[in-house]
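Just below is one structure, and these are the notes that go with it.
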Amino acid sequence: MKTNTYCKYYLVLLAFLISSSLYAQSKTLQKTYSWKYSVSADVNLSFNNYDCDLNIQTWDKPTIEYKLQVTVTGLKPEDSEILNNYLENLSFHTSANRVTIDNRFWNERNTRNNKTKLELRNGEKITLTKFQISGELKVPTGTNLILDSKYSNIEMDDIYGKLNLKLYNDKLYAGNVGSNLSLEAKYSTIEFENIKDITADLYNTDMEAKDMGNLKIDSKYSKIFCNEVQNVDLNSYNDKLVFESTENVSFDAKYSSFIAKKSKMLKVDTYNCTMVIDEIENIEIDSKYSKFEFKNGGNCTLSSSFNDGVKYLNLNKLKIYESKYGTYKIEELTDKLEVTDGYSDKFEIIKTSMNLKGIKVNEKYGKIRIGIPEQLDFHLKARIKYPKLNIDDAGVTTKIKILENSDLEYEGIKGTEIENMPLIRITGYNVSLTINEY
Amino acid sequence: MISELEKYLKENRENLDTDKPDQLAIWEGIRAELDENKKLSGNNHRRFLFNWNVAAAFILILGLAYIISNLSRNLPAENTITLSSLDKSLGQREKEYQSYIQVTKQELGSNEFSNDPVIYEIQTEIMRLDTLYNQSINDLNEIGYNERIIQTIFSIYEQKIFLLKLMILETKKKKSHENKYLL
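What follows is the structure in structure tokens.
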């Protein structure tokens with residue numbers, strides 16, 4: 000009996016030892032490694048950052064300091080030693096003017112079933128269960144930084160050198176950028192304070208900034224929010240762009256929306272877009288299936304328009320070279336309306352000013368409704384096949400009115416005829432013209 | 000007293016010794032006792048063997064686990080990772096997106112590239128999404144489970160559905176609107 004009991008104890012002990020020895024295989028390496036380089040104040044730093052949260056700080060020392068915090072679990076003791084030795088001896092390519100840091104210190108990394116196999120740059124292989132790194136980078140304020148990053152959260156101080164960012168699935172929170180910024184980003188969220196000129200290529204990215212210099216952007220499925228921006232050159236596809244104010248804008252876009260409170264000159268080529276601007280100087284439009292909504296504008300020129308809607312509260316001058324299925328609604332037109340070639344358009348001008356110079360429309364299947372002040376004298380000329388005129392004859396002196404078959408030639412004067420009085424001239428085919436006096 | 004009693008017993012031994020032992024019964028008793036001892040000893044032996052067997056199996060299992068664990072460290076990794084291999088519910092969600100895309104593609108009909116620049120651009124965008132999807136899967140292979148990559152993959156599916164629907168809309172627009180009036 001005694002022998003049996005001893006045997007049992009012995010077995011339990013053996014099992015315990017074996018399981019403990021298995022468990023003891025798993026080791027955690029938690030350590031911070033650091034590198035320090037003396038550099039010039041305007042050093043060029045290339046930084047490759049992968050799956051590593053990064054904090055970039057600037058200082059007035061001519062030194063780059065990089066700290067890498069590593070937490071690796073589930074390592075075999077020998078693997079832990081391999082990794083530790085490797086990182087302790089890791090060095091980056093440096094010279095006084097150029098430093099290249101790459102935190103992707105492996106050739107191959109493969110993760111399956113919570114187990115990661117890592118082949119280090121020196122060819123050695125290790126296995127682990129959890130791999131987490133984060134970095135802290137201190138650079139001179141004038142550093143020209145090229146940052147290529149993936150799957151990371153990045154915080155960045157004000158930086159005054161040139162900045163070149165290539166981000167993929169990152170979150171970047173940056174301060175001021177005192178020099179030009181070149182940015183390429185996909186699936187990222189980016190916030191800046193103030194930036195100088197920026198050239199960007201965005202894909203499914205949200206970007207926000209206080210003020211920007213000149214902006215040149217190729218963008219898709221992105222959102223951009225900014226207070227003040229200088230000149231804007233946008234090539235856009237399915238974006239949302241919101242600005243407080245802009246200088247001149249070139250907007251070549253599909254399925255995008257552009258919203259601003261104030262803009263100067265705009266040149267737009269749009270397809271299925273929406274533009275909403277409160278104050279706008281002049282705009283040139285080439286568009287299809289788009290909506291334009293402005294409060295106050297100077298001159299609006301449409302070189303080509305198909306199925307667009309244009310809406311103004313106050314507009315000085317509207318000039319349309321070619322338009323089909325357009326809808327134009329203007330609360331008050333101050334100076335002039337000119338349509339060279341219109342097809343099935345609808346014009347609704349609620350009011351015209353006493354300074355109206357004229358309305359000249361050539362339409363087919365169009366509907367024109369114009370409100371004219373009672374006190375305003377004007378000269379009306381119409382040459383329309385299948386006309387539909389709705390004009391208050393009272394006070395209008397008819398000079399010519401010929402209706403042959405369905406062709407109408409009409410000329411009349413409202414009020415007293417004087418030289419350079421506003422001329423309303425409507426030509427075309429199957430046009431409905433209504434003039435309301437108010 | 001004792002010597003007298005001893006003397007008496009010696010003299011009358013034969014008269015006194017009348018009962019004879021039942022030898023058969025004694026031998027049966029001894030045999031039965033021997034059998035019982037034999038049975039008990041067999042049981043102990045079996046129990047002892049059983050314990051050793053359990054112990055051996057236990058050691059064997061642990062040893063095998065150790066060997067397999069060591070071997071698996073050096074086994075080449077599978078080529079592809081899927082969302083369902085990470086999490087069943089993710090795999091289910093992916094399946095739903097895929098079947099929705101399949102239905103939308105069927106609604107769309109033709110797979111051929113369009114001559115219309117707007118539709119062609121959408122088709123190119125969809126192809127680009129395939130590249131981005133492959134890139135995300137590669138990253139998933141490298142990093143393992145990562146919320147951002149998974150979000151990107153689903154965002155790609157949603158974008159694809161959006162573009163396919165846009166393509167349907169544009170095709171209808173072209174057929175029903177522009178052609179009707181422009182031809």
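Residue numbers (numbering that gives the first Met the number 0), protein chains in the order written: chain R, 0 to 437; chain W, 0 to 182. Ideal Cβ placement from N, Cα and C applies to all residues, glycine included.
- With 9 Å as the C-beta to C-beta threshold (strictly closer), list the residues of the stretch 108-120 of chain R near chain W in chain order. Residues are counted here when their Cβ sits less than 9 Å from a Cβ of chain W; for the stretch 108-120 of chain R these are R108, N109, T110, R111, N112, N113, K114, T115 and K116, given in chain order.
- Message: Please list the terminal residues of the continuous alpha helix (DSSP H) segment that includes W/F161.
- Response: Where W/F161 is concerned, the enclosing alpha helix (DSSP H) stretches over E146 to K172.
- Task: Kindly list, in the order they appear in chain R, the residues whose Cβ is closer than 8 Å to that of W/T151.
- Result: Those within 8 Å of W/T151 in chain R are N168 and Y186.
- Task: Below 7 Å between beta carbons is the criterion; list the residues of the stretch 24-51 of chain R that meet it against any residue of chain W, in chain order.
- Result: For the stretch 24-51 of chain R, which is checked against every Cβ of chain W, the residues closer than 7 Å are D50.
- Item | Closer than 7 Å to chain W by CB, R/Y364 | So no, R/Y364 is outside the interface.
- Item | Within 8 Å of chain R by C-beta, residues of the stretch 96-112 of chain W in sequence order | Within the stretch 96-112 of chain W, no residue has a Cβ that lies closer than 8 Å to any Cβ of chain R.
- Query: Applying a beta-carbon distance threshold of less than 8 Å, which residues of chain W neighbour R/Y159?
  - Reply: Annotation: R/Y159 has no Cβ neighbours in chain W at a cutoff of 8 Å; minimum Cβ distance is about 30 Å.
- Give the secondary structure of R/L89 by DSSP, where H, G and I count as helix, E and B as strand, and everything else as coil. It is coil, neither helix nor strand.
- Query: Does the distance from the C-beta atom of R/N313 to that of R/G370 stay below 7 Å?
  - Reply: Against a cut-off of 7 Å, the Cβ pair of R/G370 and R/N313 comes out as no contact.
- Query: So is W/E146 in contact with chain R if we call contact Cβ pairs under 7 Å?
  - Reply: No, W/E146 lies away from the interface with chain R (no Cβ there is under 7 Å from its Cβ).
- Query: At what residue ranges does the stretch 161-243 of chain R contain a whole run of the beta strand (DSSP E), taking only runs of 3 or more?
  - Reply: Runs found: 162-167, 170-173, 180-185, 188-190, 197-202, 205-211, 214-219, 222-228 and 231-236.
- Which residues of chain W have a Cβ atom closer than 9 Å to the Cβ of R/N234, listed in chain order? For a Cβ distance threshold of 9 Å, nothing in chain W lies close to R/N234: the least Cβ distance comes to about 12 Å.
- Message: Which residues in chain W have a C-beta closer than 8 Å to the C-beta of R/Y150? List them in chain order.
- Response: Neighbours of R/Y150 on chain W, chain order: D138, I142, N145, R147 and I148.
- Query: Buried or exposed: R/H92, going by 16 or more other Cβ atoms within 10 Å of its Cβ?
  - Reply: Exposed, since its Cβ has fewer than 16 Cβ neighbours within 10 Å.
- Of all the options R/E118, R/S286, R/Y385 and R/K114, which has the alpha carbon lying nearest to the alpha carbon of R/D406? For R/D406, the closest alpha carbon among the candidates R/E118, R/S286, R/Y385 and R/K114 is that of R/Y385.
- When DSSP labels each residue in this structure, what does R/Q68 get in the three-state scheme? It is a strand residue.
- If you run the structure through DSSP and keep just helix, strand and coil, what is R/S431? Reduced to three states, the DSSP call for R/S431 is strand.
- Please classify W/W86: is it buried, with 16 or more other beta-carbons within 10 angstroms of its beta-carbon, or exposed? Checking the displayed sequence, the identity of residue 86 of chain W turns out to be Asp instead of Trp. Within a 10 Å sphere around the beta-carbon of W/D86 sit fewer than 16 other beta-carbons, which makes this residue exposed.
- Identify the contact partners of R/Y65 in chain W, using a Cβ-Cβ distance below 8 Å as the criterion. Those within 8 Å of R/Y65 in chain W number zero; the least Cβ separation is about 22 Å.
- Item | Interface partners of R/N203 on chain W, CB under 8 Å | Neighbours of R/N203 on chain W, chain order: S154 and Q158.
- Can you grab the Cα-Cα spacing for the pair W/E93 / R/L233, in whole Å? Whole-angstrom Cα-Cα distance: 34 Å.
- By the 10 Å Cβ neighbour count, where 16 or more other Cβ atoms means buried, how is W/D34 classified, buried or exposed? W/D34 comes out exposed.
- Could you tell me which residues DSSP puts in a beta bridge with R/Y32? BP columns for R/Y32 point to R/L67.
- Item | Proximity winner among R/D147, R/Y49, R/E80 and R/D59, relative to R/V38 (alpha-carbon distances) | Considering only R/D147, R/Y49, R/E80 and R/D59, the residue with the shortest C-alpha distance to R/V38 is R/D59.
- Counting Cβ pairs closer than 8 Å, one from the stretch 168-178 of chain R and one from the stretch 138-157 of chain R, do we hit at least three? The stretch 168-178 of chain R is in contact with the stretch 138-157 of chain R.
- Message: Considering only the alpha carbon of each residue, which of R/Y49, R/P139, R/L74 and R/L146 lies closest to R/K116?
- Response: Selected option, being the one with the closest Cα: R/L74.
- Message: Bridge partners for W/H44 per DSSP, in chain order?
- Response: Answer is none; W/H44 lacks a bridge partner.
- Can you tell which of R/N271, R/N175 and R/M274 has its C-alpha closest to the C-alpha of R/E192? Nearest of R/N271, R/N175 and R/M274 to R/E192, Cα basis: R/N175.
- Message: According to DSSP, simplified to helix, strand and coil, what is R/R120?
- Response: Of the three classes helix, strand and coil, the one that applies to R/R120 here is coil, per DSSP.
- Query: Which two residues bound the contiguous alpha helix (DSSP H) that contains W/I125?
  - Reply: Taken as a continuous stretch (DSSP letters only), the alpha helix (DSSP H) holding W/I125 covers P116 to I142.
- Using DSSP with H/G/I as helix, E/B as strand and the rest coil, what is W/G90? Three-state DSSP puts W/G90 in a helix.
- Message: Given this structure, state the Cα-to-Cα distance separating W/P116 from R/L201, to the nearest angstrom.
- Response: Those two C-alpha atoms are separated by around 22 Å.
- DSSP state of W/A56, grouped into three classes? Correct three-state label for W/A56: helix.
- Message: Quick check on the burial criterion: 16 or more other C-beta atoms within 10 angstroms. Buried or exposed for R/F305?
- Response: With a 10 Å radius around the Cβ and a threshold of 16 neighbouring Cβ atoms, R/F305 comes out buried.
- Alpha carbon to alpha carbon, how far is W/D138 from R/N112? Spanning the two alpha carbons is a distance of roughly 15 Å.
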